[in-house]
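Residue numbers (the working numbering): 100 to 330. Think of the CB as a built atom: it goes at the ideal place given N, C-alpha and C, for glycine as much as any other residue.
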Amino acid sequence: MSHALDPAGQLRLVIFDCDGVLVDSEGPSNNLLAEVARQNGVRISGEEAFERFAGKALSQVQQELESESGKSLGDDYVQRMQSRLVQLMREEAEPIDGAGSMLQAVRALGLPVRVGSNSSVEEMEAKFERVGFEQHFSADRIHSARDMGRPKPDPHVYLHAARMEGVTPSECVVIEDSDTGVAAAHEAGMACVLLRAEGPTSPRNWPGLVRIRHLDELAPYLRGVLERQKL
């Protein structure tokens, strides 16, 4: 069966992850997660928090920390952390290098774009307002796996984005940076472009997985895909 990046396929929708793909928020976010973890007896650094929690929802982080510490973080942990993260993003979120020009170039190809993330809609809107990306993503094009109660690697958020666009999974490409997100794309039956400058490719590997090292590579690559599909 062909996929969205295959010459025999059809590319009709680009779905972006948010954190680490469009917005550089993971440094401040993981420093906060590490601080709260240390307060509850789990001694980790911000870098270690990134390695452990990249791409995961707050509910998943809570489960891991409670399992390791043997303590309850409280029924309101997710809500408390969410409020702190939204404020943090309003103050510290920055665009990933090349993200603004990349979004303009991808949209100039005539491709519709959506976002599917483990962050809440409120958090993503705060990030996009901070970095100036709200022009690219209206509210109906921002989809939160957290708000749906089905965080990645569950593929639900990506399948939902495809349904809202009126396309099939095989007509979508997901742009991801984490192994968790790549797994969600694979389970959704979608092609995936992995943005990763260094280190190994994702443990998931299939014909629809492509790796790039900088966002400047994305629009030219997708232009080539569209040109080959016209032949």
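Item to check | Same chain, Cβ closer than 6 Å to R312, neighbours up to 5 away in sequence not counted | outcome: Stepping through the sequence shown from its first residue, residue 312 is reached at position 213. Cβ neighbours of R312 beyond the five flanking positions: A296.
Next on the checklist: Quick check on the DSSP output: the alpha helix (DSSP H) that includes E270 runs from which residue to which?
Outcome noted: Counted from its first residue, the sequence shown places residue 270 at position 171. Here E270 belongs to no alpha helix (DSSP H), and DSSP marks it neither H nor E.
Item to check | DSSP-derived helix/strand/coil call for R295 | outcome: In the sequence shown, counting from the first residue as 1, residue 295 sits at position 196. If DSSP states are grouped into helix, strand and coil, R295 belongs with coil.
Item to check | Closest Cα partner of Y320 within the set D105, E167, Q186 | outcome: Taking the first residue of the sequence shown as position 1, residue 320 is located at position 221. Per the C-alpha coordinates, the member of D105, E167, Q186 positioned closest to Y320 is D105.
Item to check | CA nearest to the CA of S158, picked from A192, L172, E147 | outcome: Indexing the sequence shown from 1 puts residue 158 at position 59. Closest by alpha carbon: L172.
Checklist entry - For the 8 Å Cβ check, are there 3 or more pairs between the region 117-128 and the region 258-278? => result yes
Next on the checklist: For the structure I just gave you, are there three or more beta carbon pairs, one from the region 210-229 and one from the region 242-259, closer than 8 Å?
Outcome noted: With a cut-off of 8 Å on Cβ pairs, the region 210-229 is in contact with the region 242-259, counting three or more such pairs.
Checklist entry - Can you tell me whether K329 is buried or exposed, with buried defined as 16 or more other CB within 10 angstroms of its CB? => result Your numbering for residue 329 matches position 230 in the sequence shown. Here K329 is exposed, its C-beta having fewer than 16 other C-beta atoms within 10 Å.
Item to check | Rounded distance between the beta-carbons of G145 and S168, thought under 8 Å | outcome: Stepping through the sequence shown from its first residue, residue 168 is reached at position 69. Stepping through the sequence shown from its first residue, residue 145 is reached at position 46. S168 to G145, Cβ: 18 Å. No contact.
Checklist entry - Would the beta-carbon of L112 fall within 8 Å of that of A261? => result As a working note, residue 112 is residue 13 in the sequence shown. As a working note, residue 261 is residue 162 in the sequence shown. Result yes, Cβ atoms of L112 and A261 sit closer than 8 Å.
Next on the checklist: When you compare the CB positions of L314 and C291, do they come within less than 8 Å of one another, or not?
Outcome noted: Along the sequence shown, one-based indexing puts residue 314 at 215. Along the sequence shown, one-based indexing puts residue 291 at 192. In this structure, C291 does not lie closer than 8 Å to L314 by Cβ.
Checklist entry - Excluding five sequence neighbours on each side, which residues of the same chain lie with their C-beta closer than 8 Å to the C-beta of E147? => result Mapped onto the sequence shown, residue 147 falls at position 48. A133.
Next on the checklist: Residues in the same chain with beta-carbon distance under 7 Å from E165, minus the five sequence neighbours each way, listed in chain order, please.
Outcome noted: The residue given as residue 165 occupies position 66 in the sequence shown. Counting only Cβ-Cβ distances below 7 Å, and skipping sequence neighbours, we find S171, L172.
Checklist entry - Where does R179 fall in DSSP's three states? => result Mapped onto the sequence shown, residue 179 falls at position 80. Residue state, collapsed to three classes: helix.
Item to check | Closest residue to G108 among P299, T267, A283 (Cα-Cα distance) | outcome: Your numbering for residue 108 matches position 9 in the sequence shown. With distances taken between Cα atoms, G108 lies closest to T267.
Checklist entry - Helix, strand or coil for G215 per DSSP? => result Here residue 215 refers to the residue found at position 116 of the sequence shown. Strand, per DSSP.
Item to check | Residue from Q234, F232, A153 with nearest C-alpha to C250 | outcome: By 1-based counting over the sequence shown, the position of residue 250 is 151. Checking the sequence, you will find Pro at residue 250 rather than Cys. Looking at Q234, F232, A153, the one whose alpha-carbon comes closest to that of P250 is A153.
Next on the checklist: With H, G and I counted as helix, E and B as strand and the rest as coil, what does DSSP make of D174?
Outcome noted: Translated into positions along the sequence shown, residue 174 becomes position 75. Taken through DSSP and simplified to helix, strand or coil, D174 comes out as coil.
Item to check | Three-state secondary structure assigned by DSSP to F236 | outcome: What you label residue 236 is simply residue 137 of the sequence shown in a count that begins at 1. Looking at F236 - three-state DSSP - the assignment turns out to be coil, as it is neither helix nor strand.
Item to check | The alpha helix (DSSP H) enclosing R151, as first and last residue numbers | outcome: Along the sequence shown, read from residue 1 onward, the residue named residue 151 stands at position 52. According to the DSSP assignment, R151 belongs to the alpha helix (DSSP H) that extends over 145-152.
Next on the checklist: With distance defined between alpha-carbon atoms, name the residue in V214, H255, G197, G126 nearest to L184.
Outcome noted: Locating residue 184 in the sequence shown gives position 85, counting from the first residue. Looking at the Cα atoms, G126 is the closest of the given residues.
Next on the checklist: Looking at the secondary structure, which residues open and close the alpha helix (DSSP H) in which H259 lies?
Outcome noted: In the sequence shown, residue 259 corresponds to position 160, counting from 1. First-last of the alpha helix (DSSP H) with H259: 255-264.
Item to check | Assigned secondary structure, R206 (DSSP; H/G/I helix, E/B strand, else coil) | outcome: Working through the sequence shown from its first residue, we reach residue 206 at position 107. R206: helix per DSSP, three-state reduction.
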